[in-house]
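Right, one structure below, let's go through it.
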Amino acid sequence: MSDPAKVRRHAERVRELVASVVRSQIKDPRLGMITITDARITADLRDATVFYTVLGDAAAQSGTAAALESAKGMLRSTVGKALGLRHSPTLTFVLDDVQDQVKHIDDLLAQARTADAEVQRLAARAEYAGEAQPYRLDEDDESHEDEDETPPRGGDQR
79 MSDPAKVRRH
89 AERVRELVAS
99 VVRSQIKDPR
109 LGMITITDAR
119 ITADLRDATV
129 FYTVLGDAAA
139 QSGTAAALES
149 AKGMLRSTVG
159 KALGLRHSPT
169 LTFVLDDVQD
179 QVKHIDDLLA
189 QARTADAEVQ
199 RLAARAEYAG
209 EAQPYRLDED
219 DESHEDEDET
229 PPRGGDQR
């Protein structure tokens, strides 16, 4: 098992290397506007997962995925040489759907704002279910004592 700091450094280096190679060496026309967002590597430094985003529609995403799969060998050899490890890590490319999640969260927040505005609108017109002052005041207690005395509660009063 490797040191977590070393694993983190290697993951960052893998991200930088893949981004550099994709930008400068891959000339595949299927490759869209790609951004390498993150890379994670296992503790044994054998497998690396590279996360990327693509600007565009589903066709651009699928084209970019195919271009990355076809360039995987070149990317793996470049990463292996640069890292200087005994074994070059295998690369797995995963489409990072952060933008879709952000859009979904923004939609949920907009719905919550609309619901809150509706609740505030209804609360502005709300009235008390009973009296405005539900508690007895001291002067009320004195006036009730004079009127009608109620028998004390308790046992049988026959």
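So the sequence shown is numbered by the working numbering: it starts at 79 and just counts up by one. Backbone N, C-alpha and C fix where the C-beta goes; we use that ideal spot for every residue, glycine too.
When R154, Q177, Q189, I114 are compared against S166, the one with the closest alpha-carbon: To locate residue 166, count along the sequence shown from 1; it is residue 88. For the residues R154, Q177, Q189, I114, the minimum Cα distance to S166 belongs to R154.
query: Beta carbon of G141, beta carbon of R108: below 9 angstroms?
result: Taking the first residue of the sequence shown as 1, we reach residue 141 at position 63. Taking the first residue of the sequence shown as 1, we reach residue 108 at position 30. Contact: yes.
- request: With a cut-off of 8 angstroms on the beta carbons, I'd call V132 and M111 a contact; round off their distance for me.
  value: Looking up residue 132 in the sequence shown gives position 54. Looking up residue 111 in the sequence shown gives position 33. Right, the Cβ-Cβ distance comes to about 6 angstroms (below 8 angstroms), so this counts as a contact.
Limits of the beta strand (DSSP E) - the one that R118 falls within: As a working note, residue 118 is residue 40 in the sequence shown. It spans 111 to 119 - the beta strand (DSSP E) in which R118 sits, taken as one unbroken run.
- prompt: Per DSSP, which one or two residues make a beta bridge with R126?
  reply: Taking the sequence shown and counting its residues from 1, one reaches residue 126 at position 48. The sequence as given places Ala at residue 126; Arg does not occur at that position. Answer is I119, L169, bridged to A126.
Nearest-angstrom Cβ-Cβ length linking V180 and L169, presumed shorter than 8 angstroms: Working through the sequence shown from its first residue, we reach residue 180 at position 102. Working through the sequence shown from its first residue, we reach residue 169 at position 91. That belief does not hold up - the Cβ atoms of V180 and L169 are roughly 26 angstroms apart, past 8 angstroms.
task: Can you give me the Cβ contacts of A160 inside the same chain, cut-off strictly under 6 angstroms, excluding the 5 residues immediately before and after it?
output: By one-based count along the sequence shown, residue 160 stands at place 82. So the qualifying residues of the chain are L95.
message: For A143 and L173, which I take to be in contact (beta-carbon distance under 8 angstroms), what is that distance rounded to the nearest angstrom?
response: Translated into positions along the sequence shown, residue 143 becomes position 65. Translated into positions along the sequence shown, residue 173 becomes position 95. Between L173 and A143 the Cβ distance is about 7 angstroms, and since that is below 8 angstroms, they are a contact.
task: Determine the extent of the alpha helix (DSSP H) in which R91 is found, giving its start and end residues.
output: For the purposes of this step, residue 91 is taken as residue 13 along the sequence shown, with counting starting at 1. Note, R91: alpha helix (DSSP H), 82 to 102.
message: So if DSSP puts V132 in a beta bridge, which residue, or which two residues, is it bridged to?
response: Residue mapping note: residue 132 aligns to position 54 of the sequence shown, counting from 1. According to DSSP, which records beta bridges pairwise, V132 is partnered with I112.
task: Confirm, please, whether the CB-CB distance from T113 to T97 is below 9 angstroms.
output: Residue numbering aside, residue 97 sits at position 19 when the sequence shown is read from its first letter. Residue numbering aside, residue 113 sits at position 35 when the sequence shown is read from its first letter. Residue identity differs from the one stated: residue 97 is Ala in this sequence, not Thr. It is a contact, given that the beta carbons lie within the stated cut-off.
message: I'd like to know whether the C-beta atoms of D135 and S80 end up nearer to each other than 9 angstroms.
response: Here residue 135 corresponds to residue number 57 of the sequence shown, with the count starting at 1. Here residue 80 corresponds to residue number 2 of the sequence shown, with the count starting at 1. Cβ distance not < 9 angstroms, so D135 and S80 don't count as in contact.
task: Keeping to the same chain, check which residues put their C-beta closer than 8 angstroms to that of E147; ignore five residues upstream and five downstream.
output: Reading the sequence shown from its first residue, position 69 is the one you call residue 147. Excluding residues within five positions, the ones whose Cβ falls inside 8 angstroms are F171.
- request: Give the C-beta separation of D116 and A145 to the nearest angstrom, bearing in mind that I take them to be a contact with Cβ-Cβ under 8 angstroms.
  value: As a working note, residue 116 is residue 38 in the sequence shown. As a working note, residue 145 is residue 67 in the sequence shown. In fact, because the Cβ distance is near 19 angstroms, the residues do not count as touching under 8 angstroms.
task: Verify whether the separation of the beta carbon atoms of T127 and V85 is less than 9 angstroms.
output: Numbered from 1 along the sequence shown, position 49 holds the residue referred to as residue 127. Numbered from 1 along the sequence shown, position 7 holds the residue referred to as residue 85. No, the Cβ-Cβ distance between T127 and V85 is not below 9 angstroms.
- prompt: Can you tell me the Cα-Cα spacing of A204 and I183, whole angstroms?
  reply: By 1-based counting over the sequence shown, the position of residue 204 is 126. By 1-based counting over the sequence shown, the position of residue 183 is 105. Cα-Cα distance, rounded: 31 angstroms.
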